[in-house]
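Read left to right, the sequence shown gives residues 739 to 956 (this note's numbering). All C-beta atoms in this analysis are idealised placements derived from N, C-alpha and C, irrespective of residue type, glycine included. Remember, predicted model here, so these are calculated numbers, not experimental data.
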Amino acid sequence: MASGPAASGGEAFPPDEGPRSSSPRIGVLAIQGDFKAHKSMLELLGAQALEVRRPWQLPGLDGLIIPGGESTTIVMGIERSGLGGPLKDFSSGGRPVFGTCAGLILLGSSHLGLMDIDVERNAYGRQIKSFEAPVTVRGLGDEPFEAVFIRAPRIERRGTGVEVLAELEGAPVVARQGSLLVCSFHPELTDDLRLHALFCGLVDGHRRDTHDNAEVSR
Ligand code: GLN
């Protein structure tokens, strides 16, 4: 049976030629959830965005968003498509990953284990499945985010390397560990681009660093 790009119907970017030759290439894991909204936001910010469903799409990317949705469904999709190991390799090579809501759950210790956080799913109560709250994010100005929480997860423990960028009711709702960024709400459901812009900044920084190192070692 045929396999590979043509058979699975997806696209991939060719190898990156460095920050001066093109805009950043950012994938959005497109197993389930509102990946199209993330893609549109990235495009508004000038990035090239790609829906990712297969491992062979990862090498051409500078960064990846794992969107919200249903984490159990996304986990099953990752297993089915053999993306678990490749996602870990992608991140351990230093490329930035942004996990939102279910994506935050996936980055935590119970799943991919990329970020040093323990997460409780659906932690904001059964009755209040969804709510909006103003959230001020450190480094993104005084204007709060109108954050949309939908059966949101809560970070119950974080390692010392995890920096909290915003809190709600005493728990982190935006956090960063090196090139990993997470938020427990859905930034793609508003037209506020600031968190995506922050992530694009991490991607740009990583591209510059890797490109400069490659130039030095040449
Ligand atoms: N409750 C969902 C889960 O556990 C996450 C919610 C979301 O992504 N909106 O997967």
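Nearest neighbour of residue i, chosen from the options [CA to CA]
| i | options | result |
| --- | --- | --- |
| residue 871 | 924, 860, 782, 783 | 924 |
| residue 751 | 776, 775, 796, 777 | 796 |
| residue 842 | 868, 944, 867, 809 | 809 |
| residue 824 | 836, 850, 837, 812 | 850 |
| residue 840 | 858, 934, 780 | 858 |
| residue 835 | 815, 862, 863, 804 | 804 |
| residue 838 | 826, 936, 920, 943 | 920 |
| residue 927 | 950, 947, 884, 951 | 884 |
| residue 945 | 781, 831, 875 | 831 |
| residue 886 | 814, 773, 922 | 922 |
Assigned secondary structure, residue i (DSSP; H/G/I helix, E/B strand, else coil)
| i | result |
| --- | --- |
| residue 921 | strand |
| residue 941 | helix |
| residue 874 | coil |
| residue 764 | strand |
| residue 936 | helix |
| residue 795 | helix |
| residue 847 | coil |
| residue 842 | helix |
| residue 829 | helix |
| residue 834 | coil |
| residue 769 | coil |
| residue 906 | strand |
| residue 741 | Confidence at residue 741 is low in this model, with a pLDDT of 43, below 50, so its placement is unreliable and no value can be given for it. |
Nonlocal neighbours in the same chain, by C-beta distance under 6 Å from residue i, ignoring five residues either side
| i | result |
| --- | --- |
| residue 932 | 878 |
| residue 765 | 788, 790, 799, 802 |
| residue 821 | 793 |
| residue 744 | Note that residue 744 scores a pLDDT of 44, beneath 50, so its modelled location is shaky and nothing firm can be said. |
| residue 816 | 822 |
| residue 868 | 888 |
| residue 936 | none |
Residue i and residue j closer than 8 Å at C-beta
| i | j | result |
| --- | --- | --- |
| residue 801 | residue 941 | yes |
| residue 892 | residue 909 | yes |
| residue 844 | residue 812 | yes |
| residue 876 | residue 913 | no |
Chain-order list of residues whose beta-carbon lies under 8 Å from that of residue i (same chain, five-residue window excluded)
| i | result |
| --- | --- |
| residue 785 | 761, 762, 763, 764, 938, 941 |
| residue 728 | Nothing about residue 728 can be reported from this structure: the residues present for the chain run from 739 to 956 only. |
| residue 880 | 874 |
First through last residue of the beta strand (DSSP E) which encompasses residue i
| i | result |
| --- | --- |
| residue 900 | Neither: residue 900 is in no beta strand (DSSP E) and is coded neither H nor E. |
| residue 787 | 786-790 |
| residue 884 | 883-888 |
Cutoff 7 Å; reference residue i; Cβ partners in own chain excluding five residues on either side
| i | result |
| --- | --- |
| residue 856 | 846, 847, 894, 895 |
| residue 768 | 789, 790, 791 |
| residue 776 | 766, 803, 805, 926 |
N-terminal and C-terminal residue of the alpha helix (DSSP H) that residue i is part of
| i | result |
| --- | --- |
| residue 801 | Residue 801 -> not in any alpha helix (DSSP H); beta strand (DSSP E) instead, spanning 801-804. |
| residue 817 | 809-818 |
Proximity test, residue i beta-carbon vs the ligand SAH heavy atom, cut-off 7 Å
| i | result |
| --- | --- |
| residue 806 | Among the ligands present in this structure, namely the ligand GLN, the ligand SAH is not found. |
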